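Q: Sharing a structure with you now.
2 protein chains.
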Amino acid sequence: MVNAIKIPQFEVIKQYVRGHINSGRWAVGARISSENELAVSFSVSRMTARRALQELAQEGLLTRAPGLGSFVAEPVLAKPSLEIHNIVAIAQSKGTYSCQVLSLEQIPADAELADLLRFEIDQSVYLARFLHFDGSKAVQWQEIYVNPKVAPAFLKQNFTKVVPDEYLEWIAPSGHVHHQVGAVLARPSQRRALGLTEDSQTACLQITRVCSRGSIVASLSKLVHPASLYQLGTT
Amino acid sequence: MVNAIKIPQFEVIKQYVRGHINSGRWAVGARISSENELAVSFSVSRMTARRALQELAQEGLLTRAPGLGSFVAEPVLAKPSLEIHNIVAIAQSKGTYSCQVLSLEQIPADAELADLLRFEIDQSVYLARFLHFDGSKAVQWQEIYVNPKVAPAFLKQNFTKVVPDEYLEWIAPSGHVHHQVGAVLARPSQRRALGLTEDSQTACLQITRVCSRGSIVASLSKLVHPASLYQLGTT
DNA sequence: CAGTGGTCTAGACCACTGG
DNA sequence: CAGTGGTCTAGACCACTGG
Numbered sequence: 005m006v007n008a009i010k011i012p013q014f015e016v017i018k019q020y021v022r023g024h025i026n027s028g029r030w031a032v033g034a035r036i037s038s039e040n041e042l043a044v045s046f047s048v049s050r051m052t053a054r055r056a057l058q059e060l061a062q063e064g065l066l067t068r069a070p071g072l073g074s075f076v077a078e079p080v081l082a083k084p085s086l087e088i089h090n091i092v093a094i095a096q097s098k099g100t101y102s103c104q105v106l107s108l109e110q111i112p113a114d115a116e117l118a119d120l121l122r123f124e125i126d127q128s129v130y131l132a133r134f135l136h137f138d139g140s141k142a143v144q145w146q147e148i149y150v151n152p153k154v155a156p157a158f159l160k161q162n163f164t165k166v167v168p169d170e171y172l173e174w175i176a177p178s179g180h181v182h183h184q185v186g187a188v189l190a191r192p193s194q195r196r197a198l199g200l201t202e203d204s205q206t207a208c209l210q211i212t213r214v215c216s217r218g219s220i221v222a223s224l225s226k227l228v229h230p231a232s233l234y235q236l237g238t239t
Numbered sequence: 005m006v007n008a009i010k011i012p013q014f015e016v017i018k019q020y021v022r023g024h025i026n027s028g029r030w031a032v033g034a035r036i037s038s039e040n041e042l043a044v045s046f047s048v049s050r051m052t053a054r055r056a057l058q059e060l061a062q063e064g065l066l067t068r069a070p071g072l073g074s075f076v077a078e079p080v081l082a083k084p085s086l087e088i089h090n091i092v093a094i095a096q097s098k099g100t101y102s103c104q105v106l107s108l109e110q111i112p113a114d115a116e117l118a119d120l121l122r123f124e125i126d127q128s129v130y131l132a133r134f135l136h137f138d139g140s141k142a143v144q145w146q147e148i149y150v151n152p153k154v155a156p157a158f159l160k161q162n163f164t165k166v167v168p169d170e171y172l173e174w175i176a177p178s179g180h181v182h183h184q185v186g187a188v189l190a191r192p193s194q195r196r197a198l199g200l201t202e203d204s205q206t207a208c209l210q211i212t213r214v215c216s217r218g219s220i221v222a223s224l225s226k227l228v229h230p231a232s233l234y235q236l237g238t239t
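If you read the protein sequences in the order shown, they are chains A and B.
Letter by letter, the first sequence follows residues 5 to 239 in my numbering.
Letter by letter, the second sequence follows residues 5 to 239 in my numbering.
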């Protein structure tokens, strides 16, 4: 006996059921054997058969209903999703991160901004622009609007030592973060900052990030990345 | 007694443990009560206490190890992810979808394409270009390379009646789908097809999608969307 | 060694569904 | 009504970890 790894009984039953579903022997919507039937077939207790079906239900292969039975679930093609990897965090972990402060100011919110931040019009907002580097390469242009009530000392920070987003997360952990991804053309100032020369390079991925807690918006960032440097991927 | 909904015992224990973790009374990494201890404390059987801890472990709040115990897990901030919503499927469900075939051809794979498709160089590949409409508006430009071995009859389909991707999924269900999102500038032909006039509108979101099964690549699509029409979002 | 979590049993009671 | 899944019990044996 080489490598006699013990396979749990509930796993055997799961494989059996999975096999019948994947091969199509049990059609979508069809009722499958009950816990009791499986328990008898496999000579196990009901709790063991139950565990198999339960886990398959949690994996989305089965639907179960008291009084009715277990049914082959509609095959839900795993909805593809993209991880947003933070290019700044990556540079930091490599130790090659640096940040250039382009501007720090306090402005009154115009109508559009007030709407986005759930502010009153003309309420004062911090506006900062940063250029984030990985080594000598500018990888992200950031424009961030900050709620002064959440981070009153924001403009006084030394952003060559503290990453803006980390500072905000530190003093006011955000409950919800909303992301939106789109494509934009680099504006001339952005093009210069990011070192984009040819017209063909000016396509940028823009991530709009809103950090909020409850009904209070803490910050809104626009992150612009040269398309040549930044891609979102999945499998 | 109004609305005396029965709360299962394992749920009570889960709430108890969750409370101690969220409030910080049990620090990250700390060992928590064992199954046996909880069973005694709550006057339940070990299987019930076990279920509570097991489910919390699956939710990522606990780490468990035989012989050692259960520990408060590192709080993993839910990594933000983007759903890729299929603009074509949306138009279909609205009943306003239509498709225009721009080209259908068979070409030999050049070096780059052969690499992407895991093909031999000069092996024959189907290449098709489509323009997908939602009503009278062109919402997606698609360029798709198809493996003739997977879908030999691909070029003979009537794509005003069948969506290319659905046809492929139908005759050869793909095991893995890989997506990549980037920003591109619309090429002149794409700009014309998508009805983009001003230069400022030519920023496009491009999704590269590779469908494969095992080591065989079935198709590779480049989907180009005007940035004004297509955004990816999350919460 | 005593304690941990992982698997498993043979029972039990329950609310619920269909015929 | 008999059957279903949901909850629960009081036992059991196991491989594993630390002291």
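Backbone N, C-alpha and C define an ideal beta-carbon position, used for all residues, glycine too.
Given the structure is predicted, the values throughout are model-derived calculations rather than measurements.
1. Could you tell me the alpha carbon to alpha carbon distance between residue 91 of chain B and residue 234 of chain B, rounded to whole angstroms?
2. Please list, in chain order, the chain A residues whose beta carbon lies closer than 7 Å to that of residue 194 of chain B.
3. Rounded to the nearest angstrom, what separates residue 7 of chain A and residue 71 of chain B at their Cα positions?
4. Below 7 Å on C-beta distance, what does residue 235 of chain A contact in chain B?
5. Are the region 16-25 of chain B and the region 53-70 of chain B touching by the rule of at least three beta carbon pairs closer than 8 Å?
6. Please check if any C-beta of chain B sits within less than 8 Å of the C-beta of residue 6 of chain A.
7. Could you have a look at residue 228 of chain B and say whether DSSP puts it in helix, strand or coil?
8. Among the residues of its own chain, which have a CB less than 6 Å from the CB of residue 213 of chain A, if the five just before and after it don't count?
9. Note the first and the last residue of the continuous alpha helix (DSSP H) segment covering residue 106 of chain B.
10. Quick one: residues in its chain with C-beta nearer than 6 Å to the C-beta of residue 159 of chain B, no 5 flanking neighbours on either side, listed in chain order?
11. Going by DSSP in three states, residue 166 of chain A sits in which element: helix, strand or coil?
12. CA-CA distance, residue 166 of chain B and residue 135 of chain B?
13. Any C-beta of chain B sitting closer than 8 Å to the C-beta of residue 31 of chain A?
14. Using 10 angstroms around the beta-carbon of residue 201 of chain A, count the other beta-carbons present and answer buried if the total reaches 16, otherwise exposed.
15. Please name the residue or residues paired with residue 68 of chain B in a DSSP beta bridge.
16. Should residue 45 of chain B go down as buried or exposed, given a rule of 16 or more other Cβ atoms within 10 Å for buried?
17. CB-CB under 8 Å to residue 199 of chain A, same chain, minus the five flanking residues each way: which ones, in chain order?
18. Could you tell me the distance, in whole angstroms, from the CA atom of residue 156 of chain A to the CA atom of residue 146 of chain A?
19. Would you mind telling me which residues of chain A sit closer than 9 Å to residue 206 of chain B, beta carbon to beta carbon, in chain order?
20. At a CB-CB cut-off below 7 Å, which residues of chain B make contact with residue 131 of chain A?
21. Can you find the residues in the same chain that come closer than 8 Å, C-beta to C-beta, to residue 206 of chain A, ignoring five residues on each side of it along the sequence?
22. When the Cα atoms are used, what is the spatial distance from residue 40 of chain B to residue 54 of chain B?
23. So residue 149 of chain A is in the beta strand (DSSP E); what residue range does that whole segment cover?
24. Grab me the residues of residue 175 of chain B's own chain with a C-beta within less than 7 Å of its C-beta, minus the 5 sequence neighbours each way, in chain order.
25. What are the uninterrupted segments assigned as beta strand (DSSP E) that are 3 or more residues long and contained completely in the region 183-227 of chain B, given in chain order?
26. Relative to the alpha-carbon of residue 76 of chain B, which residue among B:88, B:192, B:58 has its alpha-carbon at the smallest distance?
A: The answer reads as follows:
1. 8 Å
2. The contacting residues do not exist; residue 194 of chain B stays about 12 Å from chain A at best.
3. Because the pLDDT of residue 7 of chain A is 48, which lies under 50, any placement of that residue in the model is unreliable, and the question is left without a value.
4. 184, 185, 186
5. yes
6. Residue placement at residue 6 of chain A is poorly supported in this model, since its pLDDT is 44, which falls under 50; the coordinates are not used for a value here.
7. strand
8. 183, 225
9. Segment 101-112 is the beta strand (DSSP E) holding residue 106 of chain B; no alpha helix (DSSP H) there.
10. 108, 130
11. coil
12. 13 Å
13. no
14. exposed
15. B:74
16. exposed
17. 141, 142
18. 20 Å
19. 189, 207
20. Within 7 Å Cβ-Cβ: nothing; residue 131 of chain A doesn't reach chain B, min ~23 Å.
21. 189, 190, 195, 200
22. 8 Å
23. 141-150
24. 155
25. 207-217
26. B:58
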